[in-house]
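One structure is given here, and the rest of the page talks about it.
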Amino acid sequence: MGRTLAEKVWDDHVVRRAEGEPDLLFIDLHLLHEVTSPQAFDGLRKSGRQVRRLDLTIATEDHNTPTLDIDKPIADPVSRVQLETLRKNAAEFGVRLHPLGDVEQGVVHVVGPQLGLTQPGMTVVCGDSHTSTHGAFGGLAFGIGTSQVEHVLATQTLPLVRPKTMAITVNGELPDGVTAKDLILAIIARIGTGGGQGYVLEYRGSAIEKLSMEARMTICNMSIEAGARAGMIAPDQTTFDYLEGRVHAPKGEDWDAAVAYWKTLKTDEDAEFDAEVVIEAAELSPFVTWGTNPGQGAPLSAHVPDPASYEDASERLAAEKALEYMGLEAGQPLRSIKVDTVFVGSCTNGRIEDLRAAAELLKGRKVADGVRMLVVPGSARVGLQAVSEGLDVVFKDAGAEWRHAGCSMCLGMNPDQLAPGERSASTSNRNFEGRQGKGGRTHLVSPQVAAATAVLGHLASPADLSDAPVAAGV
Amino acid sequence: MEAFTKHTGRAVPLRRSNVDTDQIIPAHWLKKVTRDGFEDGLFEAWRKDETFILNQPERKGATVLVAGPDFGTGSSREHAVWALQNYGFKTVISSRFADIFRGNSLKNGLLTVVLDQKIVEALQELSENDPQAEITVDLEAREVRAEGITASFELDENSRWRLLNGLDDISITLQNEADIAAYEAKRPSFKPRTLEV
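Chain order of the listed sequences is A and B.
Note that this note's numbering has the first sequence beginning at 118, numbered continuously upward.
Note that this note's numbering has the second sequence beginning at 9, numbered continuously upward.
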């Protein structure tokens, strides 16, 4: 019987297999950041161990970094200590680090692909659940805890139990105005936040094949929000074109050998998945969340659901608690929800295509009175690219704040936070209670919905903008 | 890692589903660079509510958390496990755990026990009716016992063996040094490197 893509990549990384034990898997790339690594380096130090493969390890600073005044000392002393700890650890152990201010600094999941370090068929890990992003290149990429970070630093391997596989087949073509973000939010709403537990998801089908690499990253990024540690997409010409010429992409004969191998990385026709979900792309429309977990979402044209409509008691209770926390009424149209804040950025939607999409809608328009809009590029390089295209000017002219790269308001570890009761439309990945600041309320949206919402002041899609005036002469 | 063989203690019934790791330990606590001192951050937002179960005096000293389905979703932060342990929990019972949280818990000796939702609810009810009721989680027998309830649970033999013996994963892996070196020797040259070596 044939094998799935996930099984092929898994098999190619088995260092040791023994009856009754987890497989020992080799790790091709280990990404580090300041939050989940300090205790791991401490562990190495205590046991007198070194980093086994410095040449497969890279670190950057993202979670804590401020997005304003980055040339000044970091104001929050606790954040400063954590960043300084990473710098000390990187220097002591010899790990390559891109600190705040460096041109390669940025959200770890934006940095890896843009350097060309993330390639098909690789195993990629990081102490961050959104490591699933890198699966967009056709590798196995997943988040790990700090104990596993220490394990990979010391051994470049991880003992792992082989996951099950789930195919998510998206047929047809996404309608105009419907993005990868809408698609993944719809998938999560369909299978639930626990639907992918124990599985690696493989996104496939014609709608997926038509997506750009950046859109594919958005999809794989949020696999964890469906409970799956990893999501992947078979590499194809789009993948190869994205990689060719990047700093760490193979060159010359290595490139040819790599492409020949990468072309074998697809699920065999006679392979069987443990589960399959089929989605018709044509049925999708802009999708937003109304609740406090990413599975609590609905098409923008819908209404806030009535908790009484849920048959399952724990889902009903969860919906009741979510509406209470979010300050919403059952039956209220989603479009009637007013926001104070719009955030464009994060490892989900902080890449150049996301910024272009938001800028295109904002060009010649204004952010609504009383709305604060933050635009945070996913990396310093994305920021530079945006500036070279004049996108920063578009954002600033519209009344948005243009910031430096980092995780920023996705999780509010730096000063970019919601105040209690404030409501955001956010292109990030989690709408958990307090995720963007204590008492803050989050609606997850695409960059396009974020931009339209910023202009109109309530949840809105680009189609709603046709009535909003565009300034003369633009 | 501390070994886990058998534990008996009073419970905290937490009747919420999808308890994500941002609730277990909010992000601002993640700036700490140690593995301890997270107890005050555990469920920080919910503990501001006086009626929250953890604030009830009869729950003081409880060591068994009996939670709703899909416990530990979201972020990979191992701090969530440390916070539960720092607070005094030895074991968490739920019908479903998020994968990364489960892995992290078993690497730190916090035993996460998967039981059928009906049994989880029976344990919650028992503890709600009698806060002094004790629950025993017996890893050797793979069994949870409480008044009127006996339920067996599954845990793969390898994880069980490591927990029972409190074994450190890294030392076990390093016994396979030859296998790792052999694998490294045959890796294709086109695989990327972060440094020139």
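Just so it is clear, CB atoms sit at the ideal spot from N, CA and C, and this is done for glycine as well.
Helix, strand or coil for residue i per DSSP?
i	result
D245 (chain A)	coil
V511 (chain A)	helix
R55 (chain B)	helix
S543 (chain A)	strand
T570 (chain A)	helix
T559 (chain A)	strand
L479 (chain A)	helix
G76 (chain B)	coil
F60 (chain B)	coil
P170 (chain A)	According to the sequence provided, residue 170 (chain A) is Arg. The question's Pro does not apply to it. R170 (chain A) falls in the coil class under three-state DSSP.
I341 (chain A)	helix
K68 (chain B)	coil
D391 (chain A)	coil
L318 (chain A)	strand
I143 (chain B)	strand
W407 (chain A)	coil
T202 (chain A)	helix
R473 (chain A)	helix
In chain B, what lies closer than 8 Å to residue i by C-beta?
i	result
F143 (chain A)	I188, Y191, E192, R195
F549 (chain A)	D28, D30, Q31, G82
K555 (chain A)	P34, A53
R346 (chain A)	D107, I108
P530 (chain A)	Note that residue 530 (chain A) corresponds to Met in the displayed sequence, not to Pro. By Cβ distance, chain B contributes A35, H36, L38, K39.
Using the Cα positions of residue i and residue j, report the straight-line distance between them to the nearest angstrom.
i	j	result
R197 (chain A)	A176 (chain A)	16 Å
E148 (chain B)	N166 (chain B)	13 Å
V295 (chain A)	L401 (chain A)	7 Å
D107 (chain B)	V122 (chain B)	12 Å
V220 (chain A)	T310 (chain A)	36 Å
W372 (chain A)	F198 (chain B)	7 Å
G637 (chain A)	A208 (chain A)	Outside the shown range of chain A, which is 118 to 591, sits residue 637 (chain A), and nothing can be said about it.
M349 (chain A)	P276 (chain A)	20 Å
H130 (chain A)	S583 (chain A)	52 Å
T202 (chain B)	S545 (chain A)	28 Å
L573 (chain A)	V224 (chain A)	29 Å
H87 (chain B)	G252 (chain A)	25 Å
Q156 (chain A)	G244 (chain A)	11 Å
T597 (chain A)	S463 (chain A)	Here chain A comprises residues numbered 118 to 591, so residue 597 (chain A) is not present and cannot be evaluated.
E290 (chain A)	P579 (chain A)	19 Å
I261 (chain A)	K40 (chain B)	18 Å
E52 (chain B)	L528 (chain A)	16 Å
G96 (chain B)	V145 (chain B)	15 Å
D48 (chain B)	G137 (chain A)	39 Å
Against residue i, what residues of chain B qualify as contacts under a CB-to-CB distance less than 7 Å, listed in chain order?
i	result
D371 (chain A)	S197, F198
I305 (chain A)	Under the 7 Å cutoff, chain B gives no residues; its nearest Cβ is about 11 Å from I305 (chain A).
D172 (chain A)	R201, T202, L203, V205
R133 (chain A)	N184, D187
Near residue i, what residues of its chain come up, given a Cβ to Cβ distance below 6 Å and the 5 sequence neighbours on each side ignored?
i	result
V89 (chain B)	N112, S113, N116, L118
I305 (chain A)	E342, A343, P411, G412
V317 (chain A)	A123, P280, T282, A347
T384 (chain A)	T121, L122
Q502 (chain A)	I469
F12 (chain B)	G117, L119, L147, L171
A159 (chain B)	L123, I127, V152
A366 (chain A)	G233, L360
D28 (chain B)	T81, G82
For residue i, which residues from the same chain have a beta carbon less than 7 Å from its beta carbon, with the 5 sequence-adjacent residues on both sides left out?
i	result
P216 (chain A)	E178, R204, Q222
T570 (chain A)	V456, V459, A542, V562, L576, A577
K555 (chain A)	P537
S84 (chain B)	I108
S453 (chain A)	H575
So residue i contacts chain A; which residues on that side make the cut at Cβ distance below 8 Å?
i	result
L92 (chain B)	Correct list: empty, because the minimum Cβ distance to chain A is about 13 Å.
L182 (chain B)	A271, T272
Leaving out the 5 sequence neighbours to the left and right, which residues in its chain are closer than 8 Å to residue i when beta-carbon positions are compared?
i	result
R307 (chain A)	V394, I396
D172 (chain A)	none
N531 (chain A)	H180, N181, T182, P183, T184, D193, S196, G523, C524, S525
A351 (chain A)	L122, G255, E319, R321, L382, K383, T384
Could you list which residues in chain A have their beta carbon closer than 9 Å to that of residue i, in chain order?
i	result
N173 (chain B)	None at all; the shortest Cβ gap to chain A is about 14 Å.
| request: Decide if the segment 183-195 of chain A is in contact with the segment 517-525 of chain A; the criterion is three or more beta carbon pairs, one per stretch, under 8 Å apart. | output: Yes, they touch.
| Cβ pair count under 8 Å reaching 3, the segment 261-269 of chain A against the segment 154-174 of chain B | no
| Counting pairs of beta carbons, one from the segment 230-247 of chain A and one from the segment 143-162 of chain A, are three or more of them closer than 8 Å? | yes
| request: Could you tell me whether the segment 418-437 of chain A touches the segment 322-329 of chain A, where touching means 3 or more Cβ pairs closer than 8 Å? | output: no
| Cβ contact check for the segment 472-480 of chain A and the segment 52-62 of chain B: 3 or more pairs under 8 Å | no
| message | Count Cβ pairs between the segment 12-27 of chain B and the segment 64-77 of chain B that sit closer than 8 Å; are there 3 or more? | response | yes
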